[in-house]
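Protein chains in written order, with our numbering: chain A, 1 to 226; chain B, 227 to 452.
Yeah, the Cβ is synthetic: ideal placement off N, Cα and C, and Gly gets one too.
Everything below concerns the one structure shown next.
Number of protein chains: 2
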Amino acid sequence: MTTILLVDDELRMLDLLELYLRPNGFTCIKFESGTEALRYLYEGNKADLMLLDIMMPSEDGWEICQKVRKMSNLPVIMLTARSQTLDVVKGLNIGADDYITKPFSEEELVARIRAVLRRSLKEKHEITYKGLVWSKENHVLQYKNQQIQVTPKEFELVGLLLQHLNRVFSRDDLLVLVWGYEAEIGDRTIDSHVRNVRDKLRKAGFPVDEYLQTVWGIGYKWVDVS
Amino acid sequence: MTTILLVDDELRMLDLLELYLRPNGFTCIKFESGTEALRYLYEGNKADLMLLDIMMPSEDGWEICQKVRKMSNLPVIMLTARSQTLDVVKGLNIGADDYITKPFSEEELVARIRAVLRRSLKEKHEITYKGLVWSKENHVLQYKNQQIQVTPKEFELVGLLLQHLNRVFSRDDLLVLVWGYEAEIGDRTIDSHVRNVRDKLRKAGFPVDEYLQTVWGIGYKWVDVS
DNA sequence: CGCTTATTTGACTAATTCATTACAGTTGTA
DNA sequence: TACAACTGTAATGAATTAGTCAAATAAGCG
Numbered sequence: 001m002t003t004i005l006l007v008d009d010e011l012r013m014l015d016l017l018e019l020y021l022r023p024n025g026f027t028c029i030k031f032e033s034g035t036e037a038l039r040y041l042y043e044g045n046k047a048d049l050m051l052l053d054i055m056m057p058s059e060d061g062w063e064i065c066q067k068v069r070k071m072s073n074l075p076v077i078m079l080t081a082r083s084q085t086l087d088v089v090k091g092l093n094i095g096a097d098d099y100i101t102k103p104f105s106e107e108e109l110v111a112r113i114r115a116v117l118r119r120s121l122k123e124k125h126e127i128t129y130k131g132l133v134w135s136k137e138n139h140v141l142q143y144k145n146q147q148i149q150v151t152p153k154e155f156e157l158v159g160l161l162l163q164h165l166n167r168v169f170s171r172d173d174l175l176v177l178v179w180g181y182e183a184e185i186g187d188r189t190i191d192s193h194v195r196n197v198r199d200k201l202r203k204a205g206f207p208v209d210e211y212l213q214t215v216w217g218i219g220y221k222w223v224d225v226s
Numbered sequence: 227m228t229t230i231l232l233v234d235d236e237l238r239m240l241d242l243l244e245l246y247l248r249p250n251g252f253t254c255i256k257f258e259s260g261t262e263a264l265r266y267l268y269e270g271n272k273a274d275l276m277l278l279d280i281m282m283p284s285e286d287g288w289e290i291c292q293k294v295r296k297m298s299n300l301p302v303i304m305l306t307a308r309s310q311t312l313d314v315v316k317g318l319n320i321g322a323d324d325y326i327t328k329p330f331s332e333e334e335l336v337a338r339i340r341a342v343l344r345r346s347l348k349e350k351h352e353i354t355y356k357g358l359v360w361s362k363e364n365h366v367l368q369y370k371n372q373q374i375q376v377t378p379k380e381f382e383l384v385g386l387l388l389q390h391l392n393r394v395f396s397r398d399d400l401l402v403l404v405w406g407y408e409a410e411i412g413d414r415t416i417d418s419h420v421r422n423v424r425d426k427l428r429k430a431g432f433p434v435d436e437y438l439q440t441v442w443g444i445g446y447k448w449v450d451v452s
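Spelled out as C-alpha cells, the structure:
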C-alpha cells in the first residue's frame, strides 16, 4: 500500500486529489497546511510521497519542501497553478522530485506519482557494505563494530556514494548533492574531503581504496564488483 | 497531533466522520475495508485510534477488532446502527474501548474519542536505563533510589532520547517533539536544557556523558552500546 | 500581587570542521 | 620522454557550531 500526504489549503483540491488517488489504490492523508503535515512526519509516521501545493497562506510550499528535505528523503511533488520555468527550476533545485501544474488529469497525476515512486525507491536510511555500516538515523559509520568518527560532510559523501554503487559523480554532482545547489566551492576542496574519508576508512581497516575510486578526468565512484 | 483511522464500507460515512473530526484537529485516514486498515498497521504505520464500523460486507468489525488487538494496543471505538445491549457487551469483551451508535452528533463523537485517548495515554511509559528510571506516570527521574529534580522540559527531553536510543535528534527535531510545533526557540536554548540535564544527572552520579552525546553539526543522541 | 521556579536569551569562549592554497605526484597522450 | 592536464596532500586561517553562564523574561502558585 502506498500512502500519500496531500497538502493544500483549499479543501476542494484536497478532495479532488483524494478522488483521483483512492481508486488507484493510494491511501491519502489530507492536511490543510504544511506545518500540519510536517508535524505528522516529525512524529515518526511514515509516508511514501507528498503532494504539496506551492501557494499557501502561512508557510509556502518552498519552505515546507525544504524542511521535508532536511528531515527525510520523502519524495515531494509540487503542485501549482503557475507554469513558469523559473518555478520548476527552483522547485527541482530545492529538492522537489517533480512538478505538476493545475489543472491536471487523473492520468497525469497518477503517472507522475508512479514515476517518482519508482525513482525514489532506492534511497535508504541504512546501508551495509562489506562490514561497513552507514546509518542515517543514528548518524554513525561503523566498520566491524568500531565507530569511525566522520564530519557531517564526510558522512553525506560516503552515504551518497554507497547509495549509488558504481555511479560516477563529477565534482559538480557532488557539489550539488552534498554541498547544496548554491555552494561555491573549489575542486580541491572536494578532493580534500575524499582524502579525509579515505584516510579514516583506511585507518579503521576498511580496504577503501578498492572501492572508493577516482575516475580520472571525471570524479569519483564507489565500485562494487560483487 | 492525533491520527485516527476511519474504517467503514460506506464512503458517505467516511466523509461524515472526516467532516466532524478534521475541524477538531484530528488527522483522518480513511479505509473502505478493515483489511486495508490492517495492512496499513502491519506496515508499521502509527495511529492513535481506530473508528470501526461493525457492519461491513467482507470481514465484519468484530473480526477486525480482534486482529487489531492481537497486534497492538491501538484503541478502537466501534460504530454501529444497532444499539442492542448484547452488541455493546460483545464489543467491550472483544477489546473495543468504546461504542458509538449511529446516528451521533459531532459533540458526542469528539467527546468519546477524547475520553478514550485520555484513558489510553495513561498506561504509559516507564523506562529504566542502567539504573536510571524515567517514569512518565509519576513524572520522576531516579537514579539508585535518589530522586533527580528536573523541570518539565528536561523531563520530556530525557524521555524522548531514552525512548529512541541511538537515534540522533537535530535541534529542529527536538524543537518539534519537546517544545511543540509552533515554538520559536533559539539553538542555544536547547543546548542550555541539554546542559542542565547533563549537570543534574552527573551530580546524581549517573555517567551521563557516556550516553547523552553531541553529534557535531547534527544534534544529540542517547548512545546505547550494550 | 509577590514570591519562586522554569525558561529563554545573548554574549562570550571553546571546539571542530571547512575551504583554500601551493605544490608534489600522477596520468594520458603525442 | 616530455608536457599538459588532472589529482593527492598537508598545513593553515576562516568559518561554523557547541558549551557556558549570568541575567532577563515568563510562568505558576499561594
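I'd like to know whether the C-beta atoms of residue i and residue j end up nearer to each other than 7 Å.
i, j, result
"B/K426", "B/I374", "yes"
"B/L242", "B/D234", "no"
"A/Y143", "A/F104", "no"
"B/L383", "B/V402", "no"
"B/I230", "B/C254", "yes"
"A/G44", "A/I64", "no"
"A/V150", "A/L160", "no"
"A/V197", "A/Q213", "no"
From residue i to residue j, what does the alpha carbon distance come to, in whole angstroms?
i, j, result
"B/H365", "B/F381", "8 Å"
"B/I339", "B/Y266", "21 Å"
"B/N250", "B/Y325", "20 Å"
"B/L388", "A/Y42", "17 Å"
"A/E32", "B/M297", "31 Å"
"B/N421", "B/V302", "The sequence given here has Arg at residue 421 of chain B, not Asn. Looking at the two C-alpha atoms, the distance is approximately 41 Å."
"B/L312", "B/L391", "Only weak support exists for where B/L312 lies, its pLDDT of 46 falling under 50; the coordinates are left without a value."
"A/G186", "A/F169", "15 Å"
"A/M56", "A/E137", "31 Å"
"B/A263", "B/F252", "17 Å"
"A/A47", "A/A111", "18 Å"
"B/R473", "A/R188", "Nothing in the structure corresponds to residue 473 of chain B, since chain B is present only between 227 and 452."
"A/V215", "A/R12", "52 Å"
Taking 6 Å as the limit between beta carbons, can you name the residues of its chain near residue i, skipping five residues before and five after?
i, result
"B/A341", "none"
"B/I416", "R397, L400"
"A/K102", "A81"
"A/E126", "S135"
Which whole-angstrom value is the C-beta distance of residue i and residue j, which I expect to be below 8 Å?
i, j, result
"B/L300", "B/L275", "7 Å"
"B/E332", "B/Y246", "4 Å"
"A/P152", "B/G445", "At roughly 11 Å, the Cβ-Cβ gap does not stay under 8 Å, so A/P152 and B/G445 are not in contact."
Can you tell me which of the options puts its alpha carbon nearest to the alpha carbon of residue i?
i, options, result
"B/Q458", "B/W360, B/K379, B/P378", "Not covered by the structure: residue 458 of chain B. The range shown for chain B is 227 to 452."
"B/M451", "B/A273, B/R393, B/A263", "The sequence shown places Val at residue 451 of chain B, rather than the Met named in the question. Minimum Cα distance to B/V451 is reached at B/R393."
"B/L343", "B/H351, B/R295, B/D323", "B/D323"
"A/E10", "A/L79, A/R188, A/G180", "A/L79"
"A/V208", "A/K130, A/M1, A/L38, A/H125", "A/K130"
"A/G180", "A/A47, A/A111, A/R69", "A/R69"
"A/A204", "A/L132, A/T2, A/R188", "A/L132"
Cβ-heavy atom distance between residue i and the ligand MG below 6 Å?
i, result
"B/L237", "Ligands displayed in this structure: none; no statement on the ligand MG is therefore possible."
Keeping to the same chain, check which residues put their C-beta closer than 8 Å to that of residue i; ignore five residues upstream and five downstream.
i, result
"A/E59", "S33, G34, T35"
"B/L335", "L243, Y246, L247, I326"
"A/V88", "Note on A/V88: pLDDT 49, under 50, position unreliable in the model; the coordinate value appears next. Excluding sequence neighbours, A/V88 sits near Y99."
"B/T354", "W360"
Which same chain residues, not among the five before or five after residue i, have their C-beta less than 7 Å away from its C-beta?
i, result
"A/K30", "L6, L14, E18"
"A/H193", "K153, E154, L157"
"A/M1", "T27"
"A/A183", "L175"
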